[in-house]
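Below: the structure, in structure tokens.
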Amino acid sequence: MKIALLPPTILLSAATGFQPVQIANGPISGLVTKQNTSLQQPIIQDVEAFLGIRYAEPPVGQLRFRPPQPYTSENWTCTRPMEDCLYLNVFRPSTAQGGRSKLPVMFWIHDGGYVNEEGTTGDWGALDTQLGLKWVQENIEAFGGDKNRVLLFGHSAGACTVMWHLAAPGSKGLFHSAIMQSGTTSTPMLFQNSTDAFTYYDWVASELAGCKDGNDLVCLRRVGPQGFAIPDGIRFDPGRAPTWASPFFPNLPVGPIIDGTTLPDNPLRIVENGNHNDGPLVIGFTRDEGSFIGFLLPGLVPGDELTLGEQGFQRTVNHFLQNDTASQEVETFYPPKAYASVYGPDNGPFQRAAYFIRDSFFHCSGRRLAEALRKTGKSPTWMYSFDKPDLFGSLATFNLGTLSPTFGNLTVGQLGTYHSADLAFVFKEFGEDPANFSQPGLSLLSADTFMAHSPRELGDTFHHVSDAISCMWAHMAAHGTPTGLRQYCPGLPNGSIPPWLPYNSRLNGSPAQGAYMHIGDVLSMQPWRLNNLYPDNEMPSIELYKLSETTTTTTLAVSPSQPTSSAQRQACHRALELV
């Protein structure tokens, strides 16, 4: 987790120490990053960073698979085993004064699908972040932060964890505004019923850890972290995957559980009933969220030996909806000829599936949450779509199949404004050197890979968009709204950021209610369209959104003994989780 005291800067370098800060567990010292004039990564003022602050006892041994415990130990060590992950970083201006500055706080929850190489713990991960927020309430004033102005924001699984906090009674009063980037409550494959969760836990316990089942905690607490690692290659070997697994396994195995206590009900239903933790909220997505998910699915990537073409698209729709009639109706909204005419017969099925996944996973679920908030009349809500043209430069035509046959003949440019493309702009992480695809350990979908083409010069559109996003996010933390009449954005000319109208606005001349901010080379307010324009539409139409409402349900089991029904596996509420 990252905590930034505004004005924030994230990047760090070699530094010298300032005076220690006294927190509940004793004094800690930070590192100071000196101002620099790098064109790619400018740092406009000195920043002090406090790295690796332990806020909870290590979740190992008898504390594994338990709610996190506040850190009380006096013996401090910098050596950590792999599971010892409960620590956070704090960044503040070097001029901040503890107890005096009262700077707004931005609490970042990263993405990653609730999974890593050492396994996952379902709701325990969300409880970890809740304890982190409690630590902020107890300690942030010592750094010069304002505990009454905490913005909670996250991406993908991190955004869905933000939704968990909106719905969880135990998070009341721990934050005051929020931003969800590429994830909401009704995103499919996220919040799961207990039956599906225990099926997965039993499989991990018996097949990976060598224990009896998921209830054999004595055994599970003795197993080393690597005992929970899913073997390489299982995704491409159907004979090794569990029979109940989705086509995404093992990429999307598990997510937070609706246990009836920590999370008392489906988060969307909690919002619909007006029982959520109230506060201003921004919900947004990238234009091509679905390309990343489609990229992970065997049978969809063009040119892959497993490519299923139209059959692959139908398989994807059927899996999400679990409803043959609804699947047939949905397919009419994605006419194959329209996609084939634009992308070609080989790439058409992949792009169709990417649009469907985008709409059902992300955009429709985001609008559904915004609609629920509008009807309660409690939380002011804003929406956005991020679509930055020319992300890849000369890399756009690079064939990913040259790296691995599983990528078929998919090019970098076909990913579009992909899932997580916005992160480089939120944190201004633009590489300074051209991308090297032979670099060991290179993440194919990282900003360092695709956005490293030069030049990145101050004043170019990359910096312009990044400065605009940073300014709006910071304004949200400081004032509870992403834009304001007196908003000042360093480095941007006046008028660069138009007024960001709330979601429930009706734009002039628009027959439909609903508005969002288009964030690209130029920022502009856009209405939700009544009908789709194929295949080039930034947001799904209201017509398609209404169809998504009829083919999904908010019903999820709370009791572990309640069987899983087909309805509980429909698109916006499937019992797994989001990358």
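Here the sequence shown is numbered in full-length UniProt numbering, starting from 1 and rising by one per residue.
Even for Gly, the Cβ is constructed at its ideal location relative to N, Cα and C.
Computed from a predicted structure; not experimentally measured.
Query: Local Cβ density within 10 Å of E371, reported as buried at 16 or more and exposed below that; Result: buried
Query: Cβ neighbour criterion (16 or more within 10 Å) applied to L131; Result: buried
Query: Exposure label - N508; buried when at least 16 CB within 10 Å; Result: exposed
Query: F175 beta carbon less than 8 Å from that of G279; Result: yes
Query: Under 8 Å between C-beta atoms of V342 and E331; Result: no
Query: Touching by the beta-carbon criterion (3+ pairs, under 8 Å), the stretch 208-224 and the stretch 398-418; Result: no
Query: Euclidean distance between Cα positions of W203 and D216; Result: 12 Å
Query: Three-state class that DSSP yields for Y201 in the structure shown; Result: helix
Query: Top-ranked residue by Cα proximity to L415, from G294, F198, M517, C489; Result: G294
Query: Cα-Cα separation, V282 to D346; Result: 37 Å
Query: Backbone CA spacing between V218 and T262 [nearest angstrom]; Result: 23 Å
Query: Under the three-state DSSP convention, the category P20 falls into; Result: coil
Query: Option in L400, S524, L152 with minimal Cα separation from G173; Result: L152
Query: Where M539 falls: helix, strand or coil (DSSP); Result: coil
Query: Exposure label - S327; buried when at least 16 CB within 10 Å; Result: buried
Query: Alpha carbon of P498 to alpha carbon of K378, nearest angstrom; Result: 24 Å
Query: Backbone CA spacing between G401 and C160 [nearest angstrom]; Result: 32 Å
Query: Neighbour-count burial assignment, R368, 16 or more Cβ in a 10 Å radius; Result: buried
Query: Which listed residue (I519, Q22, G514) has its alpha carbon closest to that of Y545; Result: G514
Query: Boundaries (first-last residue) of the alpha helix (DSSP H) holding A209; Result: Careful: A209 lies outside any alpha helix (DSSP H) and carries neither H nor E.
Query: Status (buried if at least 16 other CB within 10 Å, exposed otherwise) for D288; Result: buried
Query: Outcome for V162 when other beta-carbon atoms lying within 10 angstroms are tallied against a minimum of 16; Result: buried
Query: Where H464 falls, given that 16 or more other Cβ within 10 Å makes a residue buried; Result: buried
Query: C-alpha gap between P335 and G348, whole angstroms; Result: 10 Å
Query: Beta-carbon gap between P380 and P502 smaller than 8 Å; Result: yes
Query: Beta-carbon separation (whole angstroms), T492 vs D467, contact threshold 8 Å; Result: The residue asked about is misnamed: residue 492 is Leu in this sequence, not Thr. Right, their Cβ atoms sit about 5 Å apart.
Query: Cβ shell of Q137 (< 7 Å), same chain only, five flanking positions each side left out; Result: K147, L174
Query: Rounded C-alpha distance that separates Q526 from Y516; Result: 5 Å
Query: Whether I519 touches F386 by CB criterion (8 Å); Result: yes
Query: For G154: DSSP bridge partner residues; Result: I109, M180
Query: F430 - containing beta strand (DSSP E), residue span; Result: Careful: F430 lies outside any beta strand (DSSP E) and carries neither H nor E.
Query: Classification of A24 by the beta-carbon crowding that lies within 10 angstroms, buried from 16 upward; Result: exposed
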